[in-house]
Ligand SMILES: [Zn+2]
């Protein structure tokens, strides 16, 4: 795809999704709260420190920035022309991490919903998104309950399973480094910029 963003737009886009508590994430959190959903945020004991954890609903919501997480067919995801290889590698790494992290969460019995930054832009879009995800949460819930009955785990075995998967999650960074190496020169730069 061609580079259609101006420098300023790109900077704004990247800056807005570099960290937790981003605009899109806050908008989704506010909307869920208003609709009566309660949740914990940035839960460190779960793989990938998920953004929004609705424990009662056995659902996790991950809010992805379109650029950094490489949203397919999205106007916010445009590889910059300069340092193309670097950006492509960086985004491939993030995608790989996202995929494995979601699989780890699913393995622990969570319903994982991934939403994209572009779905949260504008109040109308945001409302549509919130209708969709809250509908999905409610629809999938009986399945999640059934699944947890089926598992019928003791607290101790649930804890062991979580520890095992957290170990795999910890190993993920090294696997990603091996799969998508970034030259040292650029690595320094990316540490400062970061995700
Ligand atoms: Zn998008």
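Numbering (this note's numbering), first residue to last: 5 to 199. The beta-carbon is built from N, C-alpha and C at its ideal position, and this holds for glycine as well. It should be emphasised that the depicted structure is a prediction, and the values quoted were computed from it without experimental measurement.
Taking just the CA atoms, how far does residue j sit from residue i?
{"i": "residue 28", "j": "residue 68", "result": "9 Å"}
{"i": "residue 99", "j": "residue 85", "result": "20 Å"}
{"i": "residue 156", "j": "residue 150", "result": "10 Å"}
{"i": "residue 79", "j": "residue 129", "result": "16 Å"}
{"i": "residue 38", "j": "residue 51", "result": "27 Å"}
{"i": "residue 152", "j": "residue 56", "result": "20 Å"}
{"i": "residue 26", "j": "residue 71", "result": "14 Å"}
{"i": "residue 132", "j": "residue 125", "result": "11 Å"}
{"i": "residue 175", "j": "residue 101", "result": "11 Å"}
{"i": "residue 77", "j": "residue 154", "result": "38 Å"}
{"i": "residue 44", "j": "residue 59", "result": "8 Å"}
{"i": "residue 105", "j": "residue 179", "result": "13 Å"}
{"i": "residue 184", "j": "residue 81", "result": "19 Å"}
{"i": "residue 47", "j": "residue 163", "result": "15 Å"}
{"i": "residue 127", "j": "residue 24", "result": "21 Å"}
{"i": "residue 181", "j": "residue 103", "result": "15 Å"}
{"i": "residue 34", "j": "residue 139", "result": "17 Å"}
{"i": "residue 91", "j": "residue 110", "result": "28 Å"}
{"i": "residue 172", "j": "residue 165", "result": "11 Å"}
{"i": "residue 120", "j": "residue 114", "result": "19 Å"}
{"i": "residue 87", "j": "residue 30", "result": "31 Å"}
{"i": "residue 145", "j": "residue 89", "result": "42 Å"}
{"i": "residue 49", "j": "residue 112", "result": "12 Å"}
DSSP three-state call for residue i: helix, strand or coil?
{"i": "residue 117", "result": "strand"}
{"i": "residue 156", "result": "coil"}
{"i": "residue 82", "result": "coil"}
{"i": "residue 44", "result": "strand"}
{"i": "residue 58", "result": "strand"}
{"i": "residue 68", "result": "strand"}
{"i": "residue 63", "result": "strand"}
{"i": "residue 163", "result": "helix"}
{"i": "residue 98", "result": "helix"}
{"i": "residue 24", "result": "coil"}
{"i": "residue 146", "result": "helix"}
{"i": "residue 125", "result": "coil"}
{"i": "residue 53", "result": "coil"}
{"i": "residue 112", "result": "coil"}
{"i": "residue 185", "result": "coil"}
{"i": "residue 92", "result": "helix"}
{"i": "residue 37", "result": "helix"}
{"i": "residue 76", "result": "coil"}
Would you grab the beta carbon distance between residue i and residue j for me? Rounded to a whole angstrom, and I think it's under 8 Å.
{"i": "residue 64", "j": "residue 116", "result": "5 Å"}
{"i": "residue 75", "j": "residue 122", "result": "7 Å"}
{"i": "residue 62", "j": "residue 170", "result": "Rounded, the Cβ-Cβ distance is 18 Å, inconsistent with contact."}
{"i": "residue 186", "j": "residue 93", "result": "6 Å"}
Among the options, whose alpha-carbon lies nearest the alpha-carbon of residue i?
{"i": "residue 142", "options": "170, 41, 30", "result": "41"}
{"i": "residue 53", "options": "60, 66, 125, 107", "result": "66"}
{"i": "residue 221", "options": "112, 44, 137, 125", "result": "Nothing in the structure corresponds to residue 221, since the chain is present only between 5 and 199."}
{"i": "residue 177", "options": "96, 59, 132, 47", "result": "96"}
{"i": "residue 36", "options": "135, 168, 166", "result": "135"}
{"i": "residue 167", "options": "108, 183, 127, 154", "result": "108"}
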